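Take a look at the structure below.
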Amino acid sequence: MAVPARAYLSIGEVLNRLRGDFADITISKIRFLESEGLIEPQRTPSGYRKFTSSDLERLRYVLLAQRDQYLPLKVIKENLDAMIVACSQQLLVECLHHVQLLDLQQLMARWHQVHLVKSAKCAYLVRSY
3 MAVPARAYLS IGEVLNRLRG DFADITISKI RFLESEGLIE PQRTPSGYRK FTSSDLERLR
63 YVLLAQRDQY LPLKVIKENL DAMIVACSQQ LLVECLHHVQ LLDLQQLMAR WHQVHLVKSA
123 KCAYLVRSY
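When the letters of the sequence shown are read in order and numbered with the numbering used here, they come out as residues 3 to 131.
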């Protein structure tokens, strides 16, 4: 029987996944980036960090921006925050569009019901004359 994969990675597993692209990465650096607010892994009840695939990709972005673009951590954090706001706004727009579509569908369904009732009443009145 196979052991199911965890939905999270330990800090050591994150280190191993990044080491191929970032030879100088250390657990201390990952902890430092967390203390600077660039990553926010969840914690287990006993305090161990739990990194998701999103945390790993965010960390990879931070390290690439730092190494390849020489960006300071403050600018990287601002860029990440701006991306989150943009994604949140896009999600909000998509949600509002979906709600509007639902409202429109509900409105059309209600109109159809009213139209059927009126048509039936008109047909009854025409037949009764």
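A virtual CB, placed ideally from N, CA and C, is assigned to each residue, including glycine. These numbers come from a predicted model, not from an experiment.
- For L73, there is no enclosing alpha helix (DSSP H), since its DSSP letter is neither H nor E.
- A straight line joining the alpha-carbon of H99 with that of E80 spans about 28 angstroms.
- No Cβ-Cβ contact shorter than 8 angstroms links L75 with F24.
- Just measuring C-alpha positions, the residue of Y72, E42 and P47 sitting nearest F53 is E42.
- F34 carries a helical assignment under DSSP once its states are collapsed to helix, strand and coil.
- Taking the Cα positions, E36 is about 22 angstroms away from A88.
- For L82 against R51, the beta-carbon gap comes to about 18 angstroms, at or over 8 angstroms, which does not count as contact.
- Excluding five sequence positions before and after R45, the CB atoms of its chain that fall closer than 7 angstroms to its own CB belong to R51 and K52, given in chain order.
- The DSSP-derived three-state label of L40 is coil.
- Linking R19 to I78 through their CA atoms gives a straight-line distance of about 21 angstroms.
- Residue pairing by DSSP places R69 in no beta bridge whatsoever.
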